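What follows is a short report on a single structure.
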Amino acid sequence: MAAFTDAALGALQLLVERDPALWAIVGRSLAVSATACVLACVLGLALGAWLGVARFRGREALLALLNTWLAVPSVVVGLVVYLLLSRSGPLGFLGWLFSFKAMVLAQALLVLPVVTALTRQLVDDAERRHGEQLASLGARAGLRGALLAWDERYALLTVLITAFSRAISEVGAVMVVGGNIEGFTRVMTTAIALETSKGDLPLALGLGWVLLAVVLLLNAGIAGLRRWRDRSGLAMAALPASVLQEAS
């Protein structure tokens with residue numbers, strides 16, 4: 014108990030005194046995860062919206078692959094990225110291994126199936142409710158996907174927050190491709206693992222508290238968005254047929 018108390022007091026002191034090493038790690042971790050989420054969300058939202066309305070041969074097989082991708086362990090994703098970026102790999106010429114960019118790529122690949130799958134489900138459900146109406150007004154699949162995604166924009170915000178939460182708490186992939194280099198690629202999760210093994214419990218616990226605070230704020234944001242959406246009673250507004258026909 015005394016060891017935990019000492020570690021907790023040390024961690025609190027680091028936070029209060031704004032320890033440069035601690036906050037540098039926090040800032041790097043937030044930057045990596047935010048960049049990865051932006052990249053993954055740009056592609057994932059578009060791909061998910063299209064999959065939600067598109068009907069084609071092989072769609073079920075593609076969805077099965079997407080769901081399988083969701084279950085792939087992060088360390089395996091890290092291994093794949095490592096092999097791609099290694100000197101003998103196809104992307105070795107980029108020189109990204111053990112860098113900020115490598116960690117962003119690994120986290121983006123982890124987050125992409127989450128964003129795509131959740132967006133696909135939301136748009137698919139909306140398509141069942143409103144797709145026939147939009148199709149009767151002349152909206153093709155691409156336009157329907159965009160309109161339905163916009164209609165579900167508040168729910169999609171929770172998808173984005175979920176994706177960031179997934180990225181910020183990841184450890185395996187960034188450890189493999191980043192190397193946990195002090196001052197360059199060390200982020201909160203990898204630093205916690207390293208400092209715990211070294212016995213520097215105050216720093217590890219301080220980073221753990223910051224990480225928990227970030228995740229707590231993200232979950233509070235998701236809950237707040239859901240309550241606000243439910244209170245607002247948001248529903249898809251009827252669009253003039255002329256607008257849909259011109260856009261299609």
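The sequence shown begins at 14 in the working numbering and counts up by one. Even for Gly, the Cβ is constructed at its ideal location relative to N, Cα and C. All values reported here derive from a predicted model rather than from experimental measurement.
Return the first residue and the last residue of the alpha helix (DSSP H) that residue i is part of.
i      : result
Phe177 : Arg166 to Ile181
Ser42  : Pro33 to Val66
Trp82  : Arg72 to Leu83
Ser87  : Ser87 to Leu98
I'd like to check one pair, residue j with residue i: are the Cβ atoms closer than 8 Å?
i      : j      : result
Leu56  : Gly219 : no
Trp82  : Pro126 : yes
Gly91  : Gly158 : no
Leu107 : Ser99  : no
Leu229 : Ala20  : no
Leu161 : His143 : yes
Val136 : Gly65  : yes
Thr203 : Val187 : yes
Met201 : Leu173 : no
Gln120 : Ala180 : yes
Leu79  : Ala34  : no
Phe177 : Ser87  : no
Glu165 : Ala139 : yes
Ala49  : Val124 : yes
Gly61  : Thr175 : no
Would you identify the three-state DSSP class for residue i, choosing helix, strand or coil?
i      : result
Gly23  : helix
Phe113 : helix
Glu140 : helix
Phe69  : coil
Arg240 : helix
Pro103 : coil
Arg153 : coil
Gly108 : coil
Within 8 Å of any Cβ in chain D, is that where the Cβ of residue i sits?
i     : result
Cys54 : No chain D appears in the structure shown, which is made up of a single protein chain.
Problem - Ordered list of alpha helix (DSSP H) runs contained in the stretch 174-226, each at least 4 residues - result: 185-191 and 201-211
Exercise for the section: Would you be able to state if there are at least three C-beta pairs under 8 Å between the stretch 113-127 and the stretch 82-102? Expected result: yes
Practice task
Determine contact between the stretch 232-246 and the stretch 41-52, defined as no fewer than three beta-carbon pairs at a distance below 8 Å.
Solution key: no
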